[in-house]
Amino acid sequence: MAKALPKPATKTASKAAAKTASKTASKTASKPASKTVGKAAAAAAVKPAVRWPTAARLEIRQLTEQLAAARSTIEQLRARADTDFLLDILNRRGFERELQRSIAYIKRYHATGALIMLDVDRLKPVNDTFGHAAGDAVLKAVVAALSRHVRASDLIGRLGGDEFVLLLWNLSERDALAKAEALENAVDQLRIGLGEDVLAVGISAGVAILRPGSDVAAALAEADRAMYARKAERKSQRAIAAVTQ
């Protein structure tokens with residue numbers, strides 16, 4: 001029987017060689033293109049990454065500085081709005097805001113405090129006789145005297161004209177009444193030089209005790225009533241003293 005002849009080796013070798021050549025050519029052709037594209041993409045990604053964060057950080061820093069300056073300006077304007085321009089103490093707006101916060105603190109922590117309402121006696125005759133500059137000098141002297149007799153934690157406010165109010169912490173009613181009397185005595189003893197003249201004024205003080213159930217309007221009204229009652233009492237005492245002399 002005749003044997004089958006083997007397939008020519010040249011065809012198999014030719015196909016294998018062609019296949020290998022094709023793969024090699026494909027790899028050789030694709031490598032440079034891949035590297036080129038990769039480098040270009042990397043360059044495109046790196047350049048903005050270097051420039052943009054630097055610019056962003058600079059802009060953020062500038063905006064942060066501007067925001068801090070704006071906040072500082074707002075705080076300064078707020079402080080001015082709450083401060084009496086003549087006496088450099090709280091005005092009515094500022095004092096009522098602080099009183100509201102203080103009452104909230106008293107409610108939360110069951111603290112104690114007192115309001116002392118004060119009205120300067122005989123200020124109108126000073127203004128009428130010597131002028132408002134003299135009246136301003138009297139008010140400054142009164143505030144200086146009050147400041148010497150209260151603690152740094154206490155508050156002094158001007159409600160308007162010749163009316164002042166103090167917020168004193170941790171005082172019983174008895175202590176608050178004693179403090180009010182001491183303040184009256186301190187102002188009664190003031191002597192304010194004005195050229196060749198020496199001015200003397202007084203002050204009347206009324207007390208209201210702050211409690212957890214207090215509110216701003218009611219507390220101020222209570223202290224105001226007490227102050228006017230005290231003012232009438234002092235006026236009567238001066239009249240009696242004048243008659244007996």
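Under UniProt numbering, think of the first position of the sequence shown as 1, with each following residue one higher. The beta carbon of each residue, even a glycine, is placed where N, CA and C say it ideally should be.
Take Pro212, set aside five residues on each side of it, and the residues of its chain with a beta-carbon closer than 7 Å to its own are Ile106, Lys107, His110, in chain order. Counting only runs of 4+ residues, the alpha helix (DSSP H) found wholly inside the stretch 159-219 occupies 173-188, in chain order. Taking C-beta atoms as the reference points, Lys179 and Ile89 fail to come closer than 8 Å. Assignment of beta-bridge partners to Asp121 by DSSP yields Gly202.
Under the 8 Å Cβ criterion, the stretch 185-203 counts as touching the stretch 133-146, having at least three qualifying pairs.
For Asp136, the enclosing alpha helix (DSSP H) begins and ends at 132-148. Ser172 is classed as exposed because its beta carbon has fewer than 16 other beta carbons within 10 Å across all chains shown. Taking the CA atoms as reference points, Lys231 sits about 11 Å from Glu184. In the DSSP secondary-structure assignment, Ile156 is bridged to Leu166.
Only exposed fits Ile60, as fewer than 16 other CB atoms lie within 10 angstroms of its CB. Here DSSP, grouped into helix, strand and coil, assigns Thr129 to helix.
Burial is judged here by how many other beta carbons sit within 10 angstroms of a residue's own beta carbon; Arg158 has at least 16 and is buried. In this structure, Val216 sits away from Leu123, with a CB-CB distance that is not shorter than 8 Å. Selection Ala226, Leu58, Gln237 evaluated against Val165 yields Ala226 as nearest (Cα-Cα). Cβ atoms of Val207 and Ala114 come within 8 Å of each other, at about 6 Å. Nearest to Ala133 by C-alpha distance, out of Leu155, Leu118, Gly195, is Gly195.
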